[in-house]
Amino acid sequence: MSRAVGFVSLGCPKALVDSERILTQLRLEGYDIAPDYQGAGLVVVNTCGFIDSAKAESLAAIGEALEENGKVIVTGCMGVESEEILRQYPDVLAVTGPQQYEAVMRAVHAHLPPESEPQPHLDLVPPQGIKLTPRHYAYLKISEGCNHSCSFCIIPDLRGKLVSRPLGEVMGEAERLVQSGVRELLVISQDTSAYGVDAGYPLSFWGGRPVKTRFQELCQTLAELDVWVRLHYVYPYPHVDHIIPLMAEERILPYLDIPFQHASPQVLKAMRRPAHAENVLKRLENWRAQCPELAIRSTFIVGFPGETEADFQLLLDWLKEARLDRVGCFTYSPVEGAAANDLPGQVPEAVKQERWERFMAVQQQISQEKLRQRVGRVEPILIDEIAEQGVIGRSRYDAPEIDGVVHVPEGEGLQPGDLVELMIVDSDEYDLVASPDFGDDW
Ligand code: SF4
78 MSRAVGFVSL
88 GCPKALVDSE
98 RILTQLRLEG
108 YDIAPDYQGA
118 GLVVVNTCGF
128 IDSAKAESLA
138 AIGEALEENG
148 KVIVTGCMGV
158 ESEEILRQYP
168 DVLAVTGPQQ
178 YEAVMRAVHA
188 HLPPESEPQP
198 HLDLVPPQGI
208 KLTPRHYAYL
218 KISEGCNHSC
228 SFCIIPDLRG
238 KLVSRPLGEV
248 MGEAERLVQS
258 GVRELLVISQ
268 DTSAYGVDAG
278 YPLSFWGGRP
288 VKTRFQELCQ
298 TLAELDVWVR
308 LHYVYPYPHV
318 DHIIPLMAEE
328 RILPYLDIPF
338 QHASPQVLKA
348 MRRPAHAENV
358 LKRLENWRAQ
368 CPELAIRSTF
378 IVGFPGETEA
388 DFQLLLDWLK
398 EARLDRVGCF
408 TYSPVEGAAA
418 NDLPGQVPEA
428 VKQERWERFM
438 AVQQQISQEK
448 LRQRVGRVEP
458 ILIDEIAEQG
468 VIGRSRYDAP
478 EIDGVVHVPE
488 GEGLQPGDLV
498 ELMIVDSDEY
508 DLVASPDFGD
518 DW
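Residue 78 is where the sequence shown starts when you use my numbering, and the numbers rise one by one after that.
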């Protein structure tokens, strides 16, 4: 029987990190990773169960793997709904939940036994482990779980309470990634600014010195690695103020991904969000005064139960004032098991859609204006890929997959991972065009 394992990875960056850990363990134990269903002894499907469309995609992926291969182990967020999975697909070999690496490995051992004398196959695994992202950037997961209880979210049920990794362990992983050629670290968690709070900010060691497992120290020590460090899922707590000087000094990227979700106090209250919109505008103003280059990315939900036209208008006004750089917006969709499902005042789909369109029109104009102001500047651009339509990169203000890109039509000779100074020569609503030709004035 083939000792190769097929792997299907769905879902968010956090699920991707779980996939990377399982793949690394499989390689360490000498399993091959099969490039297709036919060559695999079995297939692991890492699922996403966050919203209904993600669940449907996960179920379809399980069905396809069963049809093509026949031996399937399911893991990931949808794994907590094992009954639903087994009802639809009784032939699935095993179902495990998120972060249950050991349980996945036990299921693999049971159905595709390892070599009789297991040998450590360190030679098969690069020191930084197996990465599913391109070689030049990597996600760095600093904690699991979440201590909040937002009414639209089931992450705390799926992944449990916040558990932060010791700073020394996180830094060891970050250092190995940088040594292997990673030029950009994307810090992820459910609540990055709460890093360490679960354990009372315990002391850890890195580089032979004691360091606290805490958000500020995390940013300071990552800054020492001299690569792009991008912070995701930060809440606008007062202590975030302390890291703005690091951004102003360009020691970490002047980029904050803050999931505001809404601006109306009533809606935020119904969402049970950890941060309130009051004072946030002031805080943004203060941060921008200290670090004019700061780019802020956020996500919002429109059509949340109980959202009135007045609430929505308040959100639009807030958005116009906040002038965020990058924004994602979703219409509210119920998540099975979430408290928000029982809230009164569910908003009709047509109204949700109409609000989404109005929201996006406002943000599109802000984005267009902001990008236009960057034409003529010379900026460092990290090259991501050489696509059919040309070279594509990103500026410091763009995270991979979720933000805009920089097209480099005259980018002959550039390679993924190159960090180059280019002149921004054109812009549209979401993307930029850059050129290595700085014109006669330079
Ligand atoms: S902060 Fe809220 S939305 Fe984010 S993971 Fe925690 S409970 Fe879910």
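Just so you know, even glycine gets a beta-carbon here, dropped at the ideal spot from N, CA and C.
As the structure is a computational prediction, the values presented were derived from the model and not from experiment.
Check the Cα spacing between residue 221 and each of 213, 215, 232 and 212: the tightest is with 232. Within a 10 Å sphere around the beta-carbon of residue 385 sit fewer than 16 other beta-carbons, which makes this residue exposed. Within the stretch 112–178, the beta strand (DSSP E) runs of at least 3 residues that lie entirely inside it are, in chain order, 119–124 and 149–153. In its chain, beyond the 5 residues on either side, 481, 504, 505, 506, 507, 508 and 509 have a beta carbon closer than 8 angstroms to the beta carbon of residue 448. Taking each of 300, 279, 284 and 125 in turn and checking the Cα distance to residue 290, the smallest one comes out for 279. In the three-state scheme derived from DSSP, where H, G and I count as helix and E and B as strand, residue 476 is classed as coil. With respect to the 7 angstroms criterion, residue 313 and residue 360 are classified as neighbours on the basis of their beta carbons.
When the alpha-carbon of residue 401 is set against those of 488, 446 and 407, the nearest one is in 446. The stretch 489–504 and the stretch 455–462 touch, with no fewer than 3 CB-CB distances between them shorter than 8 angstroms.
Near ligand 1, residues with a Cβ at less than 5 angstroms from any of the ligand's heavy atoms are 223, 225, 227, 230, 232 and 267; the list follows chain order. Excluding five sequence positions before and after residue 293, the CB atoms of its chain that fall closer than 8 angstroms to its own CB belong to 316, 319 and 320, given in chain order.
Under the three-state reduction of DSSP, residue 341 is assigned to coil, being neither helix nor strand.
By the 16-neighbour rule on beta-carbons within 10 angstroms, residue 358 is exposed. Using a Cβ-Cβ distance cut-off of 8 angstroms, the stretch 262–273 and the stretch 303–312 are in contact, since at least three pairs of beta carbons, one from each stretch, lie closer than that value. Between the alpha carbons of residue 87 and residue 95 lies a gap of roughly 11 angstroms. In this structure the stretch 225–239 does not touch the stretch 101–109; the number of beta carbon pairs closer than 8 angstroms is below three.
In chain order, 331 place their CB closer than 7 angstroms to the CB of residue 370, counting only its own chain and leaving out the 5 sequence neighbours on each side. For the pair residue 255 and residue 168, the Cα-to-Cα distance works out to about 42 angstroms. Leaving aside the five residues that flank residue 244 on each side, the residues in its chain whose CB is nearer than 8 angstroms to its CB run, in chain order, 273, 281, 283, 288, 289, 290, 291, 294, 295 and 298.
Residue 396: member of the alpha helix (DSSP H) spanning 386–399, first to last residue. Rounded to whole angstroms, the Cβ separation of residue 152 and residue 185 is 10 angstroms, and the two are not in contact under 8 angstroms. In this structure residue 301 is exposed. Its beta-carbon is surrounded by fewer than 16 other beta-carbon atoms within 10 angstroms.
DSSP places residue 471 in no alpha helix (DSSP H) but in the uninterrupted beta strand (DSSP E) bounded by 467–471. For residue 90, the uninterrupted alpha helix (DSSP H) segment begins and ends at 90–105. Rounded to whole angstroms, the separation of the alpha carbons of residue 373 and residue 335 is 7 angstroms. The Cβ-Cβ distance between residue 236 and residue 175 falls below 7 angstroms. Counting along the chain, residue 81 sits inside no alpha helix (DSSP H); it lies in the beta strand (DSSP E) bounded by residues 81–86. Put simply, the backbone Cα of residue 392 is about 25 angstroms away from that of residue 368. By the Cβ criterion, the stretch 207–219 is not in contact with the stretch 404–412, since fewer than three pairs of Cβ atoms, one from each stretch, lie closer than 8 angstroms. The closest CA to that of residue 270, considering only 435, 250 and 333, is found on 333. Around the beta carbon of residue 337, 16 or more other beta carbons lie within 10 angstroms, which makes this residue buried. For residue 436, the uninterrupted alpha helix (DSSP H) run begins and ends at 426–449, by DSSP.
When the Cα atoms are used, residue 323 and residue 442 turn out to be separated by approximately 30 angstroms. Across the structure, residue 251 and residue 344 are spaced so that their CA atoms are roughly 38 angstroms apart.
Following the DSSP letters along the chain, one finds residue 461 inside the beta strand (DSSP E) bounded by residues 455–464.
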